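These notes concern the structure reproduced below.
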Amino acid sequence: MILEQAVRYSETILSFALIVQSVEFIRGLQPEKLSGIALLIFSVLLLLGVCPEIVESGLLIVLLINLYRFQGPYNGGSDAMTSLVLLCLFLFHIAPTKFWQEIALGYLAFQLTFSYFQSGYIKIINPDWRSGRALVDVFAITAYPVSQSVRRWAKLPRLMFVMSWLVILFELIFPFSLLNQQTLLFALVVAALFHLSNAWFFGLNRFFWIWPAAYPILLWFQSRVILPLIN
């Protein structure tokens, strides 16, 4: 995947992620409505490919205002990833040379890969995750709007144990998927399905859009850096 193509794909997916976020704010209180409307306008412009460096600078200003408003990320990890993806894409557009463009996107690819590995590492050093207990608690006592049929999964400890280790192992070995083109495509499909399941079961809709927004950059990074190094 060529550099410009990867950037355009990422910006398209990012715009969908930001549109979802803007709708949440528009449905909120008056101060959030204004930032939600601004976010929606900029997101549509980004989707259309209108002056991306200017639009992304506007989006960054809106995100900074929200960070100040809520004294940190409004929605935790998804907001942090949103800021990272947006900032790296903005830096790509204002970079003076192709070298610095590639540095900005390479950093994003590294952070995306590390986010999965770090999540797996945190889980594997936690005895509750290794035993499956953490996942039992997620389904049994989560504050998210989970249906009663889904909550019953907490009564299946063996299933929770297997699911815990599948998640842990996948996240830990994710960086190795970069060594092969087909393996990376498969890993990204699995990761996207994982985020989709979290959106389906727990309503974590933001995570489904924002992580895949960086996937095209990772595909570019593999073809530009990893594969030439090992071939």
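For the sequence shown, our numbering gives the first residue as 1, with consecutive numbering after it.
Backbone N, C-alpha and C fix where the C-beta goes; we use that ideal spot for every residue, glycine too.
Computed from a prediction, not measured in an experiment: that's the story for all the values here.
Would you mind reading off the limits of the alpha helix (DSSP H) that contains residue i?
| i | result |
| --- | --- |
| L184 | Q181 to F202 |
| M160 | P157 to I173 |
| S15 | L3 to I26 |
Which residues in the same chain have their Cβ closer than 8 Å to the Cβ of residue i, if we skip the five residues on either side of it in sequence?
| i | result |
| --- | --- |
| G28 | G36 |
| E235 | Examination of residue 235 is not possible in this model, given that the chain is present from 1 through 231 alone. |
| I124 | R130, I168 and L172 |
| I2 | W220 |
With DSSP as the reference, label residue i as helix, strand or coil.
| i | result |
| --- | --- |
| I230 | helix |
| W129 | helix |
| W211 | coil |
Taking the alpha-carbon of residue i as reference, which of the options has the nearest alpha-carbon?
| i | options | result |
| --- | --- | --- |
| C88 | W165, M163 and E102 | E102 |
| S119 | I2, L84, S164 and L105 | S164 |
| Y9 | P216, F202, L39 and L59 | P216 |
| D137 | L156, I122 and L18 | L156 |
| V23 | R158, S43 and W220 | S43 |
| V254 | T12, L40 and C51 | Because residue 254 is not part of the residues shown, which for the chain are 1 to 231, the question remains open. |
| E56 | E32, F110, T12 and A109 | T12 |
Looking only at its chain, what residues have a beta carbon closer than 6 Å to the beta carbon of residue i, apart from the 5 residues adjacent to it on each side?
| i | result |
| --- | --- |
| V85 | L14, A213 and A214 |
| D128 | A134 |
| W153 | F139 |
| H195 | F207, F208 and W211 |
| T82 | I210 |
What residues in its chain sit with their C-beta under 7 Å from that of residue i, if we drop five residues either side in the sequence?
| i | result |
| --- | --- |
| A104 | C88, L91, F92 and A95 |
| R151 | F139 and A140 |
Go through the segment 41-115 residue by residue and report every complete run of the alpha helix (DSSP H) that reaches 4 residues or more, in order.
-> 52-69 and 77-94
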